[in-house]
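Visitor: So the sequence shown is numbered by our numbering: it starts at 1 and just counts up by one. Yeah, the Cβ is synthetic: ideal placement off N, Cα and C, and Gly gets one too. Take this structure, written in C-alpha cells, and hold onto it; I'll ask about it next.
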Amino acid sequence: MKVRLLSIGKDRSGLYEPAVQEYASRLAHYTRFELLELPEAGGKKGKAPDAKAAEAEAILSRRKPQDLIVALDERGKLLDSVEFSRYVGRAQDGAKDLLLVIGGDEGLDERVRQSADLVLSLSKMTLPHRLARVVLVEQLYRAFTILKGEPYHK
1 MKVRLLSIGK DRSGLYEPAV QEYASRLAHY TRFELLELPE AGGKKGKAPD
51 AKAAEAEAIL SRRKPQDLIV ALDERGKLLD SVEFSRYVGR AQDGAKDLLL
101 VIGGDEGLDE RVRQSADLVL SLSKMTLPHR LARVVLVEQL YRAFTILKGE
151 PYHK
C-alpha cells in the first residue's frame, strides 16, 4: 500500500513542517508514504475565481486507478481514530492506495469532493490547512499502530 498526502500551498511559517516530517518518518515503518505539495493557483489572496478549478484539475490529474481519494473538508464525515484505522485497513486489504487531499486557503473545488471515496472532517472546528496536515499525518500513524496492535493508541 502507498499513501500519498497531497496538499495545496506550502508552510511558509515553518511551524508545522517539523511535526509533519516526524510523523512521515514514523509512517515509513508501516507503508510507503509520500508528501506532495502543489502551488496555490492564482497566487495568494484575491485568487481568480477559476483558481479552485485549476487546483482541482491539478489534484485530479494525480489520481491513479488504484487510488481511493480521501478529501478533507469541514463538512465531511467525522470518524474517530479507530474508525479511521478501519478505513485504512480496508484499503490495505483491498490492495488500494490512498490519496489524501487537503485544499488550500479557499478549500476544495466541488469536483474534488464529488470524486472522493471519502470526504473526511478532522473536527467540527475549522482548522488551518497546514495544521490539518499535521493532524492527518499523526492520525495516519495512529491508524497503522492500531492496525498492528501497537501501544501508541490508548
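Taking all protein chains shown into account, do 16 or more other C-beta atoms lie within 10 angstroms of the C-beta of Q139, making it buried, or fewer, making it exposed?
Guide: For the purposes of this step, residue 139 is identified with residue 139 of the sequence shown, where counting begins at 1. Q139 comes out buried.
Visitor: What is the rounded straight-line gap between the Cα of R66 and the Cα of T31?
Guide: Residue numbering aside, residue 66 sits at position 66 when the sequence shown is read from its first letter. Residue numbering aside, residue 31 sits at position 31 when the sequence shown is read from its first letter. The question names Arg, but residue 66 is Gln in the sequence shown. Using only the alpha carbons, I get a separation of about 15 Å.
Visitor: Verify whether the separation of the beta carbon atoms of I69 and A143 is less than 8 Å.
Guide: For this step, residue 69 is matched to residue 69 along the sequence shown. For this step, residue 143 is matched to residue 143 along the sequence shown. No, the Cβ-Cβ distance between I69 and A143 is not below 8 Å.
Visitor: Short check: CB of E55 to CB of G104, under 8 Å?
Guide: Taking the first residue of the sequence shown as position 1, residue 55 is located at position 55. Taking the first residue of the sequence shown as position 1, residue 104 is located at position 104. Going by C-beta atoms, E55 is nearer than 8 Å to G104.
Visitor: In whole angstroms, what separates the C-alpha of K10 from that of R90?
Guide: Looking up residue 10 in the sequence shown gives position 10. Looking up residue 90 in the sequence shown gives position 90. Taking the straight line joining both Cα atoms gives about 31 Å.
Visitor: On the three-state DSSP scale, how would you describe L120?
Guide: Position 120 of the sequence shown, counted from the first residue, corresponds to residue 120. Three-state result, L120: strand.
Visitor: Going by C-alpha to C-alpha distance, which of L108, A71, L36 and R12 sits closest to K53?
Guide: Walking along the sequence shown from the start, residue 53 turns up at place 53. In the sequence as presented, Lys is not what sits at residue 53; that position holds Ala. Looking at the Cα atoms, L108 is the closest of the given residues.
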